[in-house]
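What follows is a set of notes on a single structure, which appears directly below.
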Amino acid sequence: MTYTLFNEAIWNEYWVPFAKKYNIIPFAASVPYFRQIFIGVDAPVPKNARIPSDIQGLEIRRTFSRVPSISIDEWGAVPVNLSWGDTLQGLRTGVVSGLETGSAALIAYGMAEATSQAIINNWGFGHSVLWARVDFLKELSEKNQRVVADTTRTLTEEATHLADEVANKRAGIASSPPEGSGFAKNDVQVNTLSENERQQWREPVDPMKNPTLYQKNQREVAALGAEGIYDRIWATARQSPESSSDITIDSWWDDHLDKI
């Protein structure tokens, strides 16, 4: 995700026109992660939920963006608007039967205690991005601007290098979670999937095969003059190094301020 979002071409084709319109620009980013489906302790699902039909009709808490809502709906479940702060109680009481998020977030915010199963479908990505006003950054002296840019670039790279460790060791994404990991401590059953099973989640929501699902998003992007950005993102992501520790950021926000 870091490799793709902060690629030179993506800056020029998307973030620069975005910043021109909204006067904000990506400033730094945290640890990137895959998004998965998590099932509450009392949810009516099979003991080894693995495919979309296993969550048919369940009420799943979604992140407040369009894509998760579309995805949950396409899998046959019901996307539910519930604040992040109310989600743990919602899982405990059955207001929702599950949620979609990243493993580290689930554990860090105490929701693993109310979770019975983790379906590692890796259906999408998550990346918490910090934003800054363009006019504020431009007002900084050249020296201060360089210091801030170098620092935020370094912090973002370091966070990215932690991605594999956070997922595999700290969260415990494995059929037998490592001792001491978040999933092990909370007795969460981790359902790692075969490629065929993962494809059953991806196929109905694949943006390249189902573009009409995302027409509203596409129209908004097109309004920025970035019609080809989806193809660019698709291609760029597939050029990313396999290991998060090998990711470097070769283009950063300070390289583009003079274009805004």
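Each residue of the sequence shown is one higher than the one before, counting from 1262 in my numbering. Just so you know, even glycine gets a beta-carbon here, dropped at the ideal spot from N, CA and C.
In the pairwise beta carbon analysis, the segment 1336 to 1347 is classified as touching the segment 1316 to 1326: at least three pairs are separated by under 8 Å.
The Cβ atoms of Gly-1441 and Ala-1432 do not sit closer than 8 Å to each other.
Three or more beta-carbon pairs drawn from the segment 1264 to 1272 and the segment 1489 to 1509 are found closer than 8 Å, and the two stretches are therefore classed as touching. DSSP, reduced to helix, strand and coil, places Val-1339 within a strand of the structure shown. Counted as a single uninterrupted DSSP element, the stretch harbouring Leu-1416 is not any beta strand (DSSP E) but the alpha helix (DSSP H) occupying residues 1403 to 1422. In the DSSP annotation of this structure, the continuous segment of the alpha helix (DSSP H) that includes Pro-1278 starts and ends at 1277 to 1283. Look at the beta carbons and you see the segment 1289 to 1298 touching the segment 1353 to 1371: at least three pairs across the two are nearer than 8 Å. By the 16-neighbour rule on beta-carbons within 10 angstroms, Thr-1415 is exposed. Between Trp-1392 and Ile-1285, the C-beta gap is smaller than 8 Å, which places the two residues in contact.
Secondary structure in the segment 1283 to 1343: the alpha helix (DSSP H) runs of 4 residues or longer, each lying completely within the stretch, are 1327 to 1335 in chain order. Spatial neighbours of Pro-1502 in its own chain (CB-CB distance under 8 Å, excluding positions within 5 residues in sequence) are listed in chain order as Tyr-1264, Ile-1508. Note that the C-beta distance between Arg-1459 and Asn-1405 is not below 8 Å.
For Val-1395, the closest of Pro-1287, Ser-1506, Ala-1420, Asp-1511 by C-alpha to C-alpha distance is Pro-1287. Per DSSP, reduced to three states, the secondary structure at Phe-1267 is coil, with no helix or strand assignment.
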